[in-house]
Amino acid sequence: MTTNALTSKSSTSGRAGDKIFSGAALAAGVLILVTLFAVAVFLLIQALPTFFADPAKVSGGQGFFAYIWPIVIGTIIAAAIALLVATPIGIGVALFISHFAPRKVAGPLGYLIDLLAAIPSVIYGAWGYMVLAPALVPGYEWLAQYLGFIPIFEGPASQTGKTMLTAGIVLAVMVLPIITSLSREIFLQTPKLHEEAALALGATRWEMITTAVIPFARPGIISAVMLGLGRALGETMAVALVLSTGNLIPSLIKTGNQTIAAEIALNFPEAFGLRLSELIAAGLVLFLITLLVNMIARGIIARHKEFSGAN
Amino acid sequence: MAKRIDVNDLNVYYSKFLAVEGVSINIEPKSVTAFIGPSGCGKSTFLRTLNRMHEVIPGGRVEGQVLLDGDDLYGAGVDPVTVRSQIGMVFQRPNPFPTMSIKDNVLAGVKLNGTKISRSDADDLVEKSLRGANLWNEVKDRLDKPGSGLSGGQQQRLCIARTIAVKPDVILMDEPCSALDPISTLAIEDLINELKSDYTVVIVTHNMQQAARVSDKTAFFNIAGTGKPGKLIEFNDTTAIFSNPEQKATEDYVSGRFG
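Set out below in structure tokens:
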């Protein structure tokens, strides 16, 4: 008998759990990839007729590219406004909760912000066009009057307030909780040791945050902003309700502009044939934009990997 | 540089809990003072009151006086930020900033409070501080690499370099070698001996041999029981503490007959 005592026992009961777990993890991973791939294939197949159609028959009569690029720009403008507004506020609120607020305030405040993320987008949209848009009209008139020489504030201002800037602000309110909650979690994970290191060198609280907390949280902040961007790019209902659409124009305070997601949502119910294919092609473009932005973000995070503290 | 510290009847609290009671101690400039004692006796807590790091913990507060060359650290209108830039601290676990290069780690404290420093001055200071921490030769070719890539002992010396770069009067060390191997420990102990010529050094250690090796004076802290405050039992020349202690508790502790 030359049986190795070490080989006989191990491959029985104890290993079954390991196998089930690794199998489940693998299945989950594959499922994500398959889903993503299936979405991409569906969009591509459904969109194909648009790319080969007679340009005169596509909406606008000048081919798909001429149709899509204004709303691509519109989408990017809306998302950019949302992030420009929401990122500093979100990070500020997260820092307040994690490092400045007394514990009694911080807990409920964090909970409240998590709740904000759960409000359906149609509610935000309704609030946007019923409350926010009219309230912003005087502001837009002021902008048009005094800053009208800047193309983005060119007048005459919309009298309903249903403009790109309003849509961007509504989107900002919607992505704010995402950025805030994720940033807060990251800020709270900053090692005490690093915070104390900064304080012991004579850092003020704010310097402690800039030397220890923010650099540590940087990849997490980028991820949070990317998730927010995903929501801003893909948001349909709020923009559809708030924005009074039109052609692409530089002014953010006049009626005009459109985003991909809202374009799809508004036109989908009556679309058939080539129009349907067009809208799906628009969806494909949105998919590609999101993919591209995420790859760039990954690239930024990876570039600083050496200094992430994970080594 | 190198100021003296005089503590008068200091009580240290965590909220309502009295952690350390009635400590009075005089720490000479340009000397190494070691705090020894069993776990939980309050020696680290007390050390952290010497540069107002104790109050960073929620509920942390003190009663009494800590004088740095006669100026009360806890006096009205004293900014803890100023205190900490004059009394540096090295922690139990090496904690270089992981997102910064070796060079930026050394300069981290110098660049605070809006201080601007020219590139050549910065380079000089980096070299001087790293030399002062006996680390220069090991890292001079990779100053732009992350500090977290160094070994534990090197990281701890980087933290010391970072501390001396701000030119403090006093350096507090909270068990600086407890996470290090014997060779790195030796390197730090040698360094402590050199630092003594420019700074007042206070070190908390669990290792009595270390206290005997590096310190001029030793303070023994003890605790009567769980939930009771820690107290300073005896403070004397290190040789006296280890060879001829006055208190029975000190003798039991240093001879290993404790508990």
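From first to last, the protein sequence lines stand for chains A and B. Residues in the first sequence are numbered consecutively from 7, following the working numbering. Residues in the second sequence are numbered consecutively from 7, following the working numbering. Positions of the beta carbon are idealized from the N, C-alpha and C atoms, including for glycine. Note that the structure is a prediction, hence the values are computed from the model and not measured.
Please work out which residues of its chain come closer than 8 Å, Cβ to Cβ, to residue i, disregarding the five sequence neighbours upstream and downstream, and give them in chain order.
i        : result
A/Met232 : Val299, Asn300 and Ala303
B/Leu24  : Asn17, Val18 and Pro235
B/Gly158 : Pro100, Ala185, Leu186, Asp187 and Ser190
B/Asp243 : Asp222, Lys223 and Thr224
A/Val291 : Ile74, Val78 and Ile266
Which class does residue i belong to by DSSP, given the choice of helix, strand or coil?
i        : result
A/Met180 : helix
A/Asn317 : Any answer about A/Asn317 is weak, because its pLDDT of 45 lies below 50 and its placement is not dependable; what the coordinates show is given next. Three-state DSSP puts A/Asn317 in coil, outside helix and strand.
B/Lys117 : coil
B/Ala8   : coil
B/Ser107 : strand
B/Val29  : strand
B/Asp85  : coil
A/Ala209 : coil
B/Gly265 : With a pLDDT of only 47 at B/Gly265, under 50, the local geometry of the prediction cannot be trusted, and the value read off the model is given with reservation. DSSP places B/Gly265 in coil when its eight states are reduced to three.
B/Leu24  : strand
A/Gly318 : With chain A covering only 7 through 317, there is no way to say anything about residue 318 of chain A.
A/Phe193 : helix
B/Tyr80  : coil
B/Gly66  : strand
A/Pro114 : helix
A/Gly131 : helix
B/Asp258 : helix
A/Leu280 : helix
A/Val200 : Here residue 200 of chain A is His; the residue named in the question, Val, does not match the sequence. Helix.
A/Ile185 : helix
B/Ser126 : helix
A/Pro140 : helix
A/Gly98  : helix
B/Arg54  : helix
So, under 8 Å CB-CB, residue i and residue j are touching, yes? Tell me the CB distance rounded to an integer number of Å.
i        : j        : result
B/Thr169 : B/Arg10  : Their Cβ separation, rounded to whole angstroms, is 19 Å, which puts B/Thr169 and B/Arg10 out of contact at 8 Å.
B/Ser221 : B/Ile209 : 7 Å
A/Leu89  : A/Gly234 : 6 Å
A/Ile83  : A/Asn273 : At roughly 20 Å, the Cβ-Cβ gap does not stay under 8 Å, so A/Ile83 and A/Asn273 are not in contact.
A/Phe70  : A/Ala246 : That belief does not hold up - the Cβ atoms of A/Phe70 and A/Ala246 are roughly 22 Å apart, past 8 Å.
B/Gln92  : B/Asp150 : Actually they are not in contact, since the Cβ atoms of B/Gln92 and B/Asp150 sit about 30 Å apart, beyond 8 Å.
B/Asp78  : B/Val87  : No, B/Asp78 and B/Val87 are not in contact; Cβ-Cβ is about 16 Å, not under 8 Å.
A/Ser187 : A/Ile119 : 6 Å
B/Arg90  : A/Leu205 : 6 Å
B/Leu131 : B/Ala171 : 6 Å
B/Gly115 : A/Gly208 : 6 Å
A/Tyr146 : A/Ile259 : 4 Å
B/Ser203 : B/Lys36  : 7 Å
A/Glu202 : B/Phe97  : 7 Å
B/Phe103 : A/His200 : 6 Å
Output needed for residue i: all residues of its chain with C-beta closer than 6 Å, excluding positions within five of it in sequence on either side, in chain order.
i        : result
B/Ala255 : Asn228 and Ile239
B/Gln253 : Ile239 and Glu240
A/Pro108 : none
A/Gly226 : Ile192
B/Ser50  : Asp180 and Val210
A/Thr261 : Ser164, Ser250 and Gly252
A/Ala238 : Ala85, Ala88, Leu177 and Val181
Short of 7 Å in beta carbon distance, which residues of its chain neighbour residue i, apart from the five on each side in sequence? Order them along the chain.
i        : result
A/Ala72  : Gly66
B/Ile31  : Val13, Ala225, Leu238 and Phe241
A/Phe193 : Ala100, Leu101, Ser104, His105, Val219 and Ala223
A/Asn317 : Note on A/Asn317: pLDDT 45, under 50, position unreliable in the model; the coordinate value appears next. Contacts found: none.
B/Trp142 : Glu133 and Leu136
B/Gly265 : Interpretation of B/Gly265 is limited by its pLDDT of 47, a score under 50 that renders its predicted location unreliable; no figure is taken from the coordinates.
B/Met214 : Ile42 and Val260
A/Lys63  : Leu280
B/Ile33  : Arg10, Ile11, Thr39, Thr206 and Val208
A/Val139 : The sequence as given places Ala at residue 139 of chain A; Val does not occur at that position. Taken in chain order, the residues that qualify are Thr166, Gly167, Lys168, Thr172 and Val248.
Spell out the partners DSSP gives residue i in its beta bridges.
i       : result
B/Asn14 : B/Gln71
B/Met95 : B/Leu178
A/Ala53 : A/Ala53 is not bridged to any residue.
B/Ala40 : B/Ile209 and B/Thr224
B/Tyr19 : B/Leu24 and B/Arg67
Closer than 7 Å: is that where the CB of residue i sits relative to any heavy atom of the ligand FAD?
i        : result
A/Met136 : Here there are no bound small molecules, and the ligand FAD is not part of this structure.
Beta strand (DSSP E) runs contained entirely in the region 130-182 of chain B, provided each spans 3 or more residues = 176-180
Complete beta strand (DSSP E) runs within the region 197-252 of chain B (minimum length 3 residues, chain order) = 206-210, 223-229 and 236-243
task = Could you pull out every unbroken alpha helix (DSSP H) segment of at least 4 residues lying fully inside the region 211-248 of chain A, listed in chain order?
result = 211-214, 220-240 and 243-248
inquiry  = Restricting to runs no shorter than 4 residues, where is the alpha helix (DSSP H) found entirely within the region 20-85 of chain A?
reply    = none
query = Could you give the uninterrupted runs of the alpha helix (DSSP H) lying entirely in the region 263-309 of chain A, keeping only those of 4 residues or more?
reply = 266-273 and 280-309
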